[in-house]
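In the working numbering, the protein residues as written are 70 to 313.
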C-alpha cells in the first residue's frame with residue numbers, strides 16, 4: 070500500500086486520505102455499525118425506564134477521519150518524543166507505514182456523549198454486544214490519566230479492502246475507535262483542545278511536578294479534568310440518593 074512512497078510526501082498524504090476514507094465508508098456501511106445505531110435508541114429507552122433520566126442527547130454520532138498532519142505527528146511522538154528508549158524502538162516496536170492503521174487506533178473515530186457517568190459503562194457494553202455475529206472485534210479500556218483525561222475507548226478491529234497507489238487494492242487490518250464520554254468532559258475537552266494540541270506539538274519536556282506549579286496551564290487543565298470527574302461522581306451519588 071505504501072510501496073515506493075516517501076511518507077512525508079504529498080503522494081503519501083493523498084494515499085493516506087484515500088485509504089482512511091475507504092475504511093470509514095466500509096465501517097459505516099457494515100453490519101456492526103448498523104447494529105450500534107439500531108441498539109442505541111433501545112438502550113436510551115431502557116435507561117430512561119430504569120432511572121427516569123435521559124442517557125444521551127440523541128444525536129447520531131458521526132464517523133470522522135484523522136487529518137494527515139495529526140496522524141503523522143502522532144507516529145512521530147510515539148517513535149521519538151514520547152519514546153523513553155530512543156534511539157531504540159519504543160515498547161511494542163516502531164510505528165511504521167506497514168502497520169500504522171492497526172497501531173494507531175483513531176485514524177477513523179467517533180465519540181458518543183452521555184449525560185451521566187453511569188451511562189459510559191452502558192454504552193461500552195452495547196458496543197461490545199453489537200459485534201455478535203459480525204466480523205468486527207471490539208476491545209475496551211477505561212482511561213484515566215494523570216493529566217485529567219477520563220473516557221472509555223472502544224477499538225474495533227476489522228479487515229478492509231483499500232486502494233493501493235495503482236488501480237489494485239490491498240487487504241489491511243485496521244482499528245476504528247469509539248470514545249465514550251460525558252457531556253461535562255466533552256465540554257472541557259473542547260475548551261482545552263488548544264492547550265492539549267500545543268502540548269503535543271511542543272518539544273519541551275513536560276513539567277516534572279505540575280501539581281505544584283499552580284500558575285501554569287498544566288496545573289489548570291490537569292485539575293479541571295480531575296475536579297470534573299469528582300463532581301460527576303457526586304452528581305451520581307445525589308441522583309441515586311434522591312430527595313429526602
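Note that the Cβ used here is the ideal one computed from N, Cα and C, for glycine as well.
- Message: Using C-beta distances below 8 Å, list every residue in its chain close to residue 44, excluding the 5 sequence neighbours before and after it, in chain order.
- Response: Shown here, the chain extends from 70 to 313; a query on residue 44 therefore has no answer.
- Helix, strand or coil: which one does DSSP assign to residue 184? Mapped onto the chain shown, residue 184 falls at position 115. In the structure shown, residue 184 sits in coil (DSSP, three-state: anything other than H, G, I, E or B).
- Message: With distance defined between alpha-carbon atoms, name the residue in 199, 85, 299 and 97 nearest to residue 217.
- Response: Translated into positions along the chain shown, residue 217 becomes position 148. Residue 217 has its Cα closest to that of 299, out of 199, 85, 299 and 97.
- Going by beta carbon distance, what residues of the same chain come within less than 7 Å of residue 207, once the five residues before and after it are set aside? In the chain shown, residue 207 corresponds to position 138, counting from 1. These residues qualify, in order along the chain: 196, 197, 200, 223, 224 and 225.
- Task: Return helix, strand or coil for residue 225, following the three-state DSSP convention.
- Result: Stepping through the chain shown from its first residue, residue 225 is reached at position 156. Of the three classes helix, strand and coil, the one that applies to residue 225 here is strand, per DSSP.
- In three-state terms, what does DSSP make of residue 86? Numbered from 1 along the chain shown, position 17 holds the residue referred to as residue 86. Correct three-state label for residue 86: helix.
- Query: With residue 92 and residue 243 assumed to form a contact (beta carbons below 8 Å), what rounded beta-carbon distance in angstroms separates them?
  - Reply: Against the chain shown, residue 92 aligns to sequence position 23. Against the chain shown, residue 243 aligns to sequence position 174. In this structure, residue 92 and residue 243 form a Cβ contact; the two beta carbons are roughly 5 Å apart against a cut-off of 8 Å.
- Have a look at 232, 234, 282 and 290 and flag the residue whose alpha-carbon is nearest the alpha-carbon of residue 259. Taking the first residue of the chain shown as position 1, residue 259 is located at position 190. It is 290 whose Cα lies nearest to the Cα of residue 259.
- Item | DSSP-derived helix/strand/coil call for residue 71 | The residue labelled residue 71 in the question sits at position 2 within the chain shown. Because the pLDDT of residue 71 is 49, which lies under 50, any placement of that residue in the model is unreliable, and the question is left without a value.
- Check residue 240 in the structure and name its three-state DSSP category. Start at 1 with the first residue of the chain shown, and residue 240 comes out as number 171. Strand, per DSSP.
- Check whether residue 170 and residue 148 have beta carbons under 8 Å apart: If you number the chain shown from 1, residue 170 lands on position 101. If you number the chain shown from 1, residue 148 lands on position 79. With contacts defined by Cβ atoms closer than 8 Å, residue 170 and residue 148 do not form a contacting pair.
- Message: Please state the DSSP three-state secondary structure of residue 211.
- Response: The sequence position of residue 211 within the chain shown is 142, counting from 1. Strand.
- Item | DSSP beta-bridge partners of residue 232 | Here residue 232 refers to the residue found at position 163 when the chain shown is read from its first residue. According to DSSP, which records beta bridges pairwise, residue 232 is partnered with 238.
- Assuming residue 248 and residue 180 make a contact with CB atoms under 8 Å, what is their CB distance in whole Å? The residue given as residue 248 occupies position 179 in the chain shown. The residue given as residue 180 occupies position 111 in the chain shown. Residue 248 to residue 180, Cβ: 4 Å. Contact.
- Item | Separation of residue 245 from residue 85, as counted between CA atoms | Taking the first residue of the chain shown as 1, we reach residue 85 at position 16. Taking the first residue of the chain shown as 1, we reach residue 245 at position 176. Going from the Cα of residue 85 to the Cα of residue 245 covers about 15 Å.
- Message: Buried or exposed for residue 303, going by 16 or more other Cβ atoms inside 10 Å?
- Response: On the chain shown, position 234 is the one that residue 303 refers to. Its Cβ having fewer than 16 others within 10 Å, residue 303 is exposed.
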